[in-house]
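Colleague:
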Amino acid sequence: MKSLRLALSACTVLMAEAATAADSAGLAIIPAPREMSVTGGECAAKGEPKFETVASIPPEGYELSVKKDGVTIRSSDAAGAFYAKMTLAQLKSPGKKTLPCVEIKDAPQYKWRGLLIDDCRHFFGKEKIKRVIDVMSQHKMNRLHWHLTDDQGWRLDIPGYPELARHASVRAASAKHGTRPHVNMKDYSHLLNGEKYGPFFYTEADIKEILAYAAERHVVIIPEIELPGHVYAALSAYPELACFPERLKGKGPLCAWGIEKDVLCIGNDKAVKFMEDVLDYVCKLFPGDVVHIGGDECPQDRWKTCPKCQARMKKEGIADVHGLQPWITRHFVKFLAARGRRPIGWDEYLLGDVPKSAIGMSWRAGGGGAGHRFLTPLECVKRGHDLVMTPRTHCYIDYGQGLKDDPFQYIGGKVTLEKCHSFNPCEGIPPELRGHILGGQGNNWSEYTWNEYDLDWKMWPRSCALAEAVWTGDKKPDFANFRARMETHRKRLLAQGVNCAPLE
Ligand code: ACM
Ligand code: ZN
-2 MKSLRLALSA
8 CTVLMAEAAT
18 AADSAGLAII
28 PAPREMSVTG
38 GECAAKGEPK
48 FETVASIPPE
58 GYELSVKKDG
68 VTIRSSDAAG
78 AFYAKMTLAQ
88 LKSPGKKTLP
98 CVEIKDAPQY
108 KWRGLLIDDC
118 RHFFGKEKIK
128 RVIDVMSQHK
138 MNRLHWHLTD
148 DQGWRLDIPG
158 YPELARHASV
168 RAASAKHGTR
178 PHVNMKDYSH
188 LLNGEKYGPF
198 FYTEADIKEI
208 LAYAAERHVV
218 IIPEIELPGH
228 VYAALSAYPE
238 LACFPERLKG
248 KGPLCAWGIE
258 KDVLCIGNDK
268 AVKFMEDVLD
278 YVCKLFPGDV
288 VHIGGDECPQ
298 DRWKTCPKCQ
308 ARMKKEGIAD
318 VHGLQPWITR
328 HFVKFLAARG
338 RRPIGWDEYL
348 LGDVPKSAIG
358 MSWRAGGGGA
368 GHRFLTPLEC
378 VKRGHDLVMT
388 PRTHCYIDYG
398 QGLKDDPFQY
408 IGGKVTLEKC
418 HSFNPCEGIP
428 PELRGHILGG
438 QGNNWSEYTW
448 NEYDLDWKMW
458 PRSCALAEAV
468 WTGDKKPDFA
478 NFRARMETHR
488 KRLLAQGVNC
498 APLE
């Protein structure tokens, strides 16, 4: 990270000039390249580019030279060559046979450029996931954080646990569009549609197909297995994994949203073994070096009175229930390390004594949010943790986007396109600690996102702005410049069938 940033700070062409040049040539490249000059003239847009390997080009970076006599792409790796092709595709104007001559030197500021898809609250399925991967890769985004397990549904078929696919992937009903059922309500049955939702899950063959598709587009998939909270769907299939199994008997995945108090029984060796088996399988299936283990919004109410949890505390010398989550986090940090993986988790999982190798995902940097205490980004990096920034204030694309007459429903709040574009993952972090900031990510929670058209609308164009924030980073042009490029780029997305929202 540091050496990449130094290399790029030696750029000779200022981004401000490059952006002006890009505008005058009518170019609409998103994310904006970090260095670009329009050299004049046109190149016949036919034939294959010439590819050259240049070891000194940073990882994922590329040089793209469009001259009158042809196109040359230089990179040190396959990802860089891929991103050069994505830029080249955006240089082409519809119906035009020529390309403008340009010299581009480009590389990402951040190595984690992510999007989260929540497949639990609503399920999108294999073809939509592939489509998301395709469109995100066009914007040089490279991490799909796949939220696969939660209170409202479990989406992975796990060998040895058939009830997960059979029972935990089906819920009895879902929220009626326009309603807001919440677990804290005494009775929310009148807000439900009464329609069985599922079974919806991915088989091993589905996952392998999606992984191969993602690899071709240089997207790493980060599977998320939530623990110790947000596990109600799994507990409903295997009630013996909960502190008080009788509370779960005859239940299915939750049909309402919110923070559920029935969580994994940390005192139960069987519950720990269940998660080991799941994560062992996940490590065998997913090749990425990071696995997300959730960690957010885990109430401790049940642990306070559960005999097994109390016995665990006594045996391990844990003074109070706050110590149980760090205990299980430490267990899985070790477990994953033995499989060559690092865990990542929501910021509250770093509370307590957790090894530095655990990566944080900071979602409450702006304060607020439900759940427990959490560490601020500065506290995380001071403790030596690497961090991916996903602040609710800039990166939650399930929040309203501020459009007039918007037909879709949002969870609340407001994150406008301009706000997304203003995202700076290093905000508030002193220069000497910025090496810990791996990048940023947009989060598409799906409580109020019913289908793929709804998902597209919320995701685009705001994810285009986030892509620019994490790729072009501190060299990004101002919002007015982005917006002008985005008007043209939106037409490209619509032509591909992406239901991109208007800019207004
Ligand atoms: C979160 O939004 N609960 C991570
Ligand atoms: Zn317990």
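Numbering (the numbering used here), first residue to last: -2 to 501.
Backbone N, C-alpha and C fix where the C-beta goes; we use that ideal spot for every residue, glycine too.
What would DSSP say about CYS98, mapped onto helix, strand or coil?
Modeller: strand
Colleague: So CYS303 packs on GLY255, CB below 8 Å; how close in whole Å?
Modeller: About 21 Å separates the two Cβ atoms, so there is no contact after all.
Colleague: Thinking C-alpha only, which one of ASP203, SER90, ASN478 and ASP103 is nearest GLY77?
Modeller: ASP103
Colleague: Name the DSSP bridge partner or partners of PHE48?
Modeller: ILE70
Colleague: If you measure between the beta carbons of PHE48 and ILE70, is that distance less than 7 Å?
Modeller: Judged by beta-carbon spacing, ILE70 lies within the 7 Å limit of PHE48, meaning their Cβ atoms are closer than that value.
Colleague: Confirm the yes/no value for this check: CB of LYS270, any heavy atom of the ligand ZN, distance under 6 Å.
Modeller: no
Colleague: Is GLU294 near the ligand ACM, going by C-beta to nearest heavy atom under 6 Å?
Modeller: yes
Colleague: Can you tell me whether DSSP reads ARG327 as helix, strand or coil?
Modeller: helix
Colleague: DSSP three-state label for ALA15, please.
Modeller: Residue confidence is low: ALA15 scores 49 on pLDDT, short of 50, so the model does not pin down where it sits. No coordinate-derived value is stated.
Colleague: Looking at C-alpha atoms only, which residue of GLU501, ASP147, ARG482 and GLY357 is the closest neighbour of GLY399?
Modeller: Per the Cα distances, GLU501.
Colleague: From LEU113 to ALA462, what distance separates their C-alpha atoms?
Modeller: 15 Å
Colleague: Curious, which full-length beta strand (DSSP E) runs of at least 3 residues does the segment 427 to 477 contain?
Modeller: Counting only runs of 3 or more, we get 434 to 441.
Colleague: Within 10 angstroms of its Cβ, does ARG370 collect 16 or more other Cβ (buried), or is it exposed?
Modeller: exposed
Colleague: Mind checking whether the beta-carbon of TRP143 lies closer than 6 Å to any heavy atom of the ligand ACM?
Modeller: no
Colleague: Could you pull the DSSP bridge partners for HIS289 from this structure?
Modeller: According to the DSSP secondary-structure assignment, HIS289 is paired through a beta bridge with GLU221 and ILE341.
Colleague: Would you say the beta carbon of TRP360 is closer than 6 Å to some non-hydrogen atom of the ligand ACM?
Modeller: yes
Colleague: Identify the continuous alpha helix (DSSP H) that holds LYS125 and give its terminal residues.
Modeller: 123 to 135
Colleague: Can you find the residues in the same chain that come closer than 6 Å, C-beta to C-beta, to VAL351, ignoring five residues on each side of it along the sequence?
Modeller: PRO323 and THR326
Colleague: Tell me, please, which residues DSSP counts as bridged to GLU243.
Modeller: Paired residue(s): none; GLU243 is not in a bridge.
Colleague: Using beta carbons (cut-off 7 Å, strictly below), is LYS473 in contact with chain B?
Modeller: The structure shown contains no chain B; it is built from a single protein chain.
Colleague: Would you say the beta carbon of GLY264 comes nearer than 6 Å to a heavy atom of the ligand HEM?
Modeller: Annotation note on the ligand HEM: not contained in the displayed structure, which lists the ligand ACM and the ligand ZN as its ligands.
Colleague: Any idea which residues DSSP pairs ALA63 with across the strands?
Modeller: Per the sequence shown, residue 63 should be read as Val rather than Ala. DSSP lists VAL68 and VAL99 as partners of VAL63.
Colleague: What are the start and end residues of each continuous beta strand (DSSP E) run of 3 or more residues lying completely inside the segment 109 to 194, in chain order?
Modeller: Under the rule that a run must span 3 or more residues, the beta strand (DSSP E) segments found entirely inside the segment 109 to 194 read 109 to 115 and 140 to 144.
Colleague: Mapping the DSSP letters down to three states, classify LEU400 as helix, strand or coil.
Modeller: coil
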